[in-house]
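Below: the structure, in structure tokens.
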Amino acid sequence: MKSKTAEKIKTYGAKGFREKFLGLENPIHLLFKSNSDHFFCLKMEEMMQLRYTVPPSKHSCHTILFVTSGIHVIKIGFEEYQTNANEMIVVPAGQIFSIENINTKHVGFICQFHPDVLIGKYGNSEMLRDFDFLKIGGNPKIIVSNENSSFATNLFNRLQAAYLETGINNFDLVQSYLMALFCEMNKNATKTSKNSSAASVIATKFKELIYTHIKTHHQVNYYASLLNITPNHLNKSVKSATGKTAAKWIEETILLEAKYLLFQTTLSVSEIAMQVGHEDQSYFSRFFKKHEGITPIQYRKLIDKS
Numbered sequence: 001m002k003s004k005t006a007e008k009i010k011t012y013g014a015k016g017f018r019e020k021f022l023g024l025e026n027p028i029h030l031l032f033k034s035n036s037d038h039f040f041c042l043k044m045e046e047m048m049q050l051r052y053t054v055p056p057s058k059h060s061c062h063t064i065l066f067v068t069s070g071i072h073v074i075k076i077g078f079e080e081y082q083t084n085a086n087e088m089i090v091v092p093a094g095q096i097f098s099i100e101n102i103n104t105k106h107v108g109f110i111c112q113f114h115p116d117v118l119i120g121k122y123g124n125s126e127m128l129r130d131f132d133f134l135k136i137g138g139n140p141k142i143i144v145s146n147e148n149s150s151f152a153t154n155l156f157n158r159l160q161a162a163y164l165e166t167g168i169n170n171f172d173l174v175q176s177y178l179m180a181l182f183c184e185m186n187k188n189a190t191k192t193s194k195n196s197s198a199a200s201v202i203a204t205k206f207k208e209l210i211y212t213h214i215k216t217h218h219q220v221n222y223y224a225s226l227l228n229i230t231p232n233h234l235n236k237s238v239k240s241a242t243g244k245t246a247a248k249w250i251e252e253t254i255l256l257e258a259k260y261l262l263f264q265t266t267l268s269v270s271e272i273a274m275q276v277g278h279e280d281q282s283y284f285s286r287f288f289k290k291h292e293g294i295t296p297i298q299y300r301k302l303i304d305k306s
């Protein structure tokens, strides 16, 4: 019997995500143009009509949600974020996310764009590196000040108008609006960054590193060496900033990646073990059961039944 997992894709594109979680018969699909896999900007109240909860998944595009009223709840990695009025939440391309609460009421904008959209006349690779919110492991939440709220709303309105008029055909206009939006977001995000403690800065860099190296390195010592600090300093900083030890973050990241692979791919358990840096399948299965209470195979069977 063919496993349902075999039908699932590794990372959702824009169209695939909509068809899976909005429902094929949903009239919302009429709002999307043929080139919307690379860019779209719409009102959340029009778009966010999810009919099904979203299990741990990845997306090939960056997603920005700007809530102007109401509440939106999403889990990014293994942290849950509640976004309120005048706040933005960013899900970078490739970041694991899930949505369990699909009944919250919210108004605002959703803008989704492929990373390739940022390459071109107005794309600035050096500037893009400064946008922490577009990085996996960066701070995804931005609180927009009252004085900047109207300007942010205006930029989203312009992005929506550009999309509804020509999709991404007016590429230069879309790219210039996006870069202006990022700079505005960064201005709000920078205020938080400047006030961050040294421990918070270390914790943020550490989280970014473990997402990058989790398939090959699981030792706190390794990440401490990358940050040019002692393992003890790293542990104290991460625990102070997040309430969890560095080792706990590494364990949770391994589990999160494993769950994603169990759900989104047809890889065998031994192949998944290798993907998350465990050459010994038996050890990986024991590790998974210790933290989740069930084996990887049992976890996949639960997914197939859901």
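FYI, in the UniProt record's numbering the residues of the sequence shown are 1 to 306. Virtual Cβ for every residue (Gly too), placed ideally from N, Cα, C.
With a CB to CB cut of under 6 Å and the five nearest residues on each side skipped, what residues in its chain are close to residue i?
i    : result
T245 : N235 and K239
P27  : Annotation note: pLDDT 45 at P27 (below 50); position unreliable, coordinate value reported separately. Contacts found: none.
R158 : Y177
I202 : S237
H29  : Any reading at H29 needs caution, since the residue's pLDDT is 49, under 50, leaving its predicted position unreliable; the model's value is listed next. Closer than 6 Å at Cβ, skipping near neighbours: no residue.
T192 : Residue placement at T192 is poorly supported in this model, since its pLDDT is 46, which falls under 50; the coordinates are not used for a value here.
H278 : F284
P231 : V220, N221 and A224
Sort out for me which residues DSSP pairs residue i with in a bridge.
i           : result
G70         : H106
E79         : I76
residue 364 : Lying outside 1 to 306, the shown extent of the chain, residue 364 is not represented and no answer is given.
L42         : I110
S57         : F97
Do residue i and residue j have their CB atoms nearer than 8 Å?
i           : j    : result
Y223        : I214 : no
V117        : Q160 : no
T295        : S285 : yes
T83         : I76  : no
residue 312 : L262 : Outside the displayed range of the chain (1 to 306) lies residue 312, so it cannot be described from this structure.
D132        : A189 : yes
L128        : P92  : no
H218        : I250 : yes
F113        : H59  : no
residue 316 : K207 : As shown, the chain starts at 1 and ends at 306. That puts residue 316 outside it, with no answer to give.
S149        : N86  : yes
A152        : E184 : yes
V220        : A241 : no
P56         : I96  : yes
E292        : F78  : no
Can you tell me where the beta strand (DSSP E) with residue i in it begins and where it stops?
i    : result
T230 : Per DSSP, T230 belongs to no beta strand (DSSP E) and is neither H nor E.
The alpha helix (DSSP H) with residue i in it runs from where to where?
i           : result
V269        : V269 to Q275
S285        : Q281 to E292
Q219        : Per DSSP, Q219 belongs to no alpha helix (DSSP H) and is neither H nor E.
residue 316 : Outside the displayed span of the chain (1 to 306) sits residue 316, for which this structure offers no information.
T253        : A246 to Q264
Who are the near neighbours of residue i in its chain, counting only those whose CB is closer than 7 Å to its CB and skipping five residues on each side?
i    : result
K194 : Unreliable positioning characterises K194 in this predicted model, as indicated by a pLDDT of 44, which lies under 50. A coordinate reading is not provided.
T53  : I99, E100 and I102
F156 : C41, F66, F109 and C111
L226 : L209
I289 : Before going further, note that residue 289 is Lys rather than Ile in the sequence given. Counting only Cβ-Cβ distances below 7 Å, and skipping sequence neighbours, we find T295.
V107 : M44, E45, T68, S69 and G70
A180 : L155
L164 : none
I64  : M88, V90 and C111
S145 : N188
If you drop the 5 nearest sequence neighbours on each side, which residues of the same chain put their C-beta closer than 8 Å to that of residue i?
i    : result
Y81  : V73, I74, K75, I89, P140 and K141
V276 : I214, K215, I254, E257, A258, L261 and F284
K205 : L227
Practice task
Kindly provide the ranges of any beta strand (DSSP E) runs that are 3 or more residues long and lie completely inside the stretch 126-203, ordered along the chain.
Solution key: As far as the stretch 126-203 is concerned, its whole beta strand (DSSP E) runs of at least 3 residues are 141-143.
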